[in-house]
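Engineer: I have a structure here, written as structure tokens, and I will follow up with some questions on it.
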Amino acid sequence: MTDLFRAYAAHSAGGPLQPFDFDPGPLGDEDVEITVEHCGICHSDLAMIDSEWFPASYPLVPGHEVVGRITALGPRAKGREIGQRVGVGWHTGSCTHCNFCLGGEQHLCAKRQPTLIGRHGGFADRLRSHWSWAIPIPDGLDPAAAGPLMCGGGTVFLPFVLHSIKPTDRVGVVGIGGLGHLAVKFARAWGCEVTAFTSSASKRDEALALGAHKTLSSVDKAELKAAAGSLDFLLITVGAALNWDALLATLAPKGRMHLVGVVTDALALKSGGLLSWQKSLSASPTPPPSVLATMLQFSARHQILPQVERFPMSRVNDALDHLRSGKARYRVVLDADF
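In this note's numbering, the protein residues as written are 1280 to 1617.
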């Protein structure tokens, strides 16, 4: 019999998490088993707990921003060692043989395996992953704060790689929250001129402290109009409905607006602003392993870490309530205390 994993699971949509033990089955030949030290809480975890995006399967063990040490290796796992500290994000596997996997875009694999969909996630004492998705954590990063880099960090880092953002580019970040505060830090370290957009006047000083050169209101029509044509790249990190035409107008000719926040409403956007000035609209999910590894190395070099608030995992429901309240600054991390 395989030792049971101990975890916290939701048993109904929006319900509280409760202690839950499960048998993970035999360790896969190419898998690693990780003893969880820390696990971030993402708004995607809340969406899954609440069945916000689609009906989830219960019991559901959330968690996909895991940091821990490898304690078991499958016989065909490669490049990983017992005792090595690694991080796991939104995915734990992919087919490894399709064109996207062979091309280094495993995050686009049709058979990619999300960490908490169809399996149990990281609000547990242990987690399993294919070795390629267990990314070594550089020694220079604080492991207690590194978990949110595996999802939120990678999500906002990928667009800089995808679109070859230059250090001379003028970058706007819309939303100074769990994703946005990391995007501001990355853009500043990238060498860009950074403008932070926020709907909250109280966050303007915080945005400047995070590294933004200037701030703008994301809801004030006059401020948005005054910023017309001033940006090369605009990263949307929120899921709220916004004044899309006004935001698009802040871009210079050939500028790009890129979405990483999950906007559930239809985008009300006129095509004229795109066509007339050859602007682009794009989006991206969490990145492949190679970009995750690059992001962690970049973060270690520039000491980029999320601003976190920590809770013991035994207080997971308090931590979830804190995130739901909108009071988190800016990511919440659970410390495993089984």
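Yeah, the Cβ is synthetic: ideal placement off N, Cα and C, and Gly gets one too.
1. To the nearest angstrom, how far is the alpha carbon of W1410 from that of G1372?
2. For E1309, which residues from the same chain have a beta carbon less than 7 Å from its beta carbon, with the 5 sequence-adjacent residues on both sides left out?
3. Nearest to F1590 by alpha carbon, out of D1421, V1541 and I1320?
4. As a quick exercise: from G1293, I1515 and L1495, pick the residue whose alpha carbon is nearest that of A1506.
5. Going by DSSP, what residue range makes up the beta strand (DSSP E) through Q1363?
6. For S1323, which option in L1521, R1449 and G1400 has the closest C-alpha, if you only look at C-alpha atoms?
7. Below 8 Å on the Cβ atoms is my guess for T1474 versus K1493; work out the distance and round it to an integer in Å.
8. Thinking C-beta only, is L1513 closer than 8 Å to V1453?
9. Could you check how far apart the C-beta atoms of G1368 and M1429 are, in whole angstroms? I think they sit under 8 Å.
10. Ignoring anything shorter than 3 residues, give me the beta strand (DSSP E) runs that lie fully in the segment 1464-1550, in order along the chain.
11. Which residues share a DSSP beta bridge with G1319?
12. Under three-state DSSP, which class holds L1420?
13. Once you ignore the five residues that flank L1510 on each side, which residues in its own chain have a CB closer than 8 Å to its CB?
14. State the Cα-Cα distance for the pair R1603 and V1539, rounded to the nearest angstrom.
15. Could you name the residues of the same chain whose beta carbon sits closer than 7 Å to that of A1462, not counting the 5 residues immediately before and after it, in chain order?
16. Unbroken alpha helix (DSSP H) runs of length 4 or more, entirely within the segment 1417-1463: which are they?
17. What residue does the beta strand (DSSP E) around T1573 start on, and which one ends it?
18. Grouping DSSP H, G and I as helix and E and B as strand, with all else coil, what is F1379?
19. Helix, strand or coil for A1326 per DSSP?
20. Report the option in A1607, W1523, G1433 and N1378 whose CA atom is closest to the CA atom of H1343.
21. How about the segment 1572-1588 and the segment 1548-1559: do they share at least three Cβ pairs that are nearer than 8 Å?
22. With burial defined as no fewer than 16 other Cβ atoms inside 10 Å of the residue's Cβ, what is the status of F1333: buried or exposed?
23. Between H1290 and G1419, what straight-line distance do the alpha-carbon atoms span, to the nearest angstrom?
24. Helix, strand or coil for A1598 per DSSP?
25. Checking 8 Å against the spacing of the C-beta atoms, do L1613 and F1402 come in under that value?
26. Check whether the Cβ atoms of L1406 and V1346 sit closer than 8 Å, and answer yes or no.
27. Tell me which residues share the same chain as E1384 and place their Cβ nearer than 8 Å to its Cβ, disregarding the 5 neighbours each side in the sequence.
28. Determine, for A1525, whether the minimum Cβ-Cβ distance to residues of chain B falls below 8 Å.
29. Please state the DSSP three-state secondary structure of G1347.
30. Where does the unbroken beta strand (DSSP E) through H1409 begin, and where does it stop?
31. Quick check: what's the CA-CA separation for C1377 versus C1388?
32. Count the other CB atoms within 10 Å of the CB of G1362; is the residue buried (16 or more) or exposed (fewer)?
Structural biologist: Well, looking at it:
1. Here residue 1410 refers to the residue found at position 131 when the sequence shown is read from its first residue. Here residue 1372 refers to the residue found at position 93 when the sequence shown is read from its first residue. In this structure, the CA atom of W1410 is about 8 Å from the CA atom of G1372.
2. On the sequence shown, position 30 is the one that residue 1309 refers to. Cβ neighbours of E1309 beyond the five flanking positions: G1353, R1355, A1356, H1409 and W1410.
3. Residue numbering aside, residue 1590 sits at position 311 when the sequence shown is read from its first letter. Minimum Cα distance to F1590 is reached at I1320.
4. Within the sequence shown, residue 1506 is the residue found at index 227, counting from 1. Minimum Cα distance to A1506 is reached at L1495.
5. As a working note, residue 1363 is residue 84 in the sequence shown. No residue range can be given for Q1363, since it is assigned to no beta strand (DSSP E) and is classified by DSSP as neither H nor E.
6. As a working mapping, residue 1323 is identified with position 44 in the sequence shown. Ranking the options by Cα distance to S1323, first place goes to G1400.
7. Taking the first residue of the sequence shown as 1, we reach residue 1474 at position 195. Taking the first residue of the sequence shown as 1, we reach residue 1493 at position 214. The Cβ separation is near 5 Å, so the contact holds.
8. Against the sequence shown, residue 1453 aligns to sequence position 174. Against the sequence shown, residue 1513 aligns to sequence position 234. Cβ distance < 8 Å, so V1453 and L1513 count as in contact.
9. Residue 1368 sits at position 89 when you count from the first residue of the sequence shown. Residue 1429 sits at position 150 when you count from the first residue of the sequence shown. Contact flag correct, Cβ pair sits at about 4 Å.
10. Taking 3 residues as the shortest admissible run, the segment 1464-1550 contains the following complete beta strand (DSSP E) segments, listed from N- to C-terminal end: 1472-1477, 1493-1496, 1510-1515 and 1530-1538.
11. As a working mapping, residue 1319 is identified with position 40 in the sequence shown. Beta-bridge pairing links G1319 to V1612.
12. As a working mapping, residue 1420 is identified with position 141 in the sequence shown. The three-state secondary structure of L1420, taken from DSSP, is coil.
13. Taking the first residue of the sequence shown as position 1, residue 1510 is located at position 231. Around L1510: R1449, V1450, G1451, T1474, T1529, L1530, A1531 and G1534.
14. Within the sequence shown, residue 1603 is the residue found at index 324, counting from 1. Within the sequence shown, residue 1539 is the residue found at index 260, counting from 1. Using only the alpha carbons, I get a separation of about 20 Å.
15. Numbered from 1 along the sequence shown, position 183 holds the residue referred to as residue 1462. Once the five neighbours on either side are set aside, the close Cβ partners of A1462 are V1435, V1452, L1514 and T1516.
16. If we require 4 residues or more, the alpha helix (DSSP H) runs fully inside the segment 1417-1463 come out as 1422-1425 and 1431-1441.
17. Indexing the sequence shown from 1 puts residue 1573 at position 294. Premise fails: T1573 lies in the alpha helix (DSSP H), P1568 to H1581, not in any beta strand (DSSP E).
18. By 1-based counting over the sequence shown, the position of residue 1379 is 100. Helix.
19. Locating residue 1326 in the sequence shown gives position 47, where the first residue counts as 1. Collapsing the DSSP output to three states places A1326 in a helix.
20. For this step, residue 1343 is matched to residue 64 along the sequence shown. It is G1433.
21. Output reads no: the segment 1548-1559 does not touch the segment 1572-1588.
22. Within the sequence shown, residue 1333 is the residue found at index 54, counting from 1. The residue in question, F1333, is exposed, as its Cβ has fewer than 16 Cβ neighbours within 10 Å.
23. Translated into positions along the sequence shown, residue 1290 becomes position 11. Translated into positions along the sequence shown, residue 1419 becomes position 140. The C-alpha of H1290 lies about 38 Å from the C-alpha of G1419.
24. Counting from one through the sequence shown, the residue named residue 1598 turns up at place 319. Judged by DSSP in its simplified three-state form, A1598 adopts helix.
25. On the sequence shown, residue 1613 is found 334 positions in, with the first residue counted as 1. On the sequence shown, residue 1402 is found 123 positions in, with the first residue counted as 1. In this structure, F1402 lies closer than 8 Å to L1613 by Cβ.
26. Stepping through the sequence shown from its first residue, residue 1406 is reached at position 127. Stepping through the sequence shown from its first residue, residue 1346 is reached at position 67. In this structure, L1406 keeps its C-beta atom at 8 Å or more from the C-beta atom of V1346.
27. Mapped onto the sequence shown, residue 1384 falls at position 105. Leaving aside the five residues that flank E1384 on each side, the residues in its chain whose CB is nearer than 8 Å to its CB run, in chain order, P1567.
28. Annotation note: the requested chain B is absent from the structure, which comprises a single protein chain.
29. Working through the sequence shown from its first residue, we reach residue 1347 at position 68. When secondary structure is reduced to three states using DSSP, G1347 falls in the strand class.
30. As a position in the sequence shown, residue 1409 is number 130, starting the count at 1. Its beta strand (DSSP E) spans residues R1405 to H1409.
31. Taking the first residue of the sequence shown as 1, we reach residue 1377 at position 98. Taking the first residue of the sequence shown as 1, we reach residue 1388 at position 109. Approximately 7 Å, taken between the alpha carbons.
32. Along the sequence shown, one-based indexing puts residue 1362 at 83. So G1362 ends up on the exposed side.
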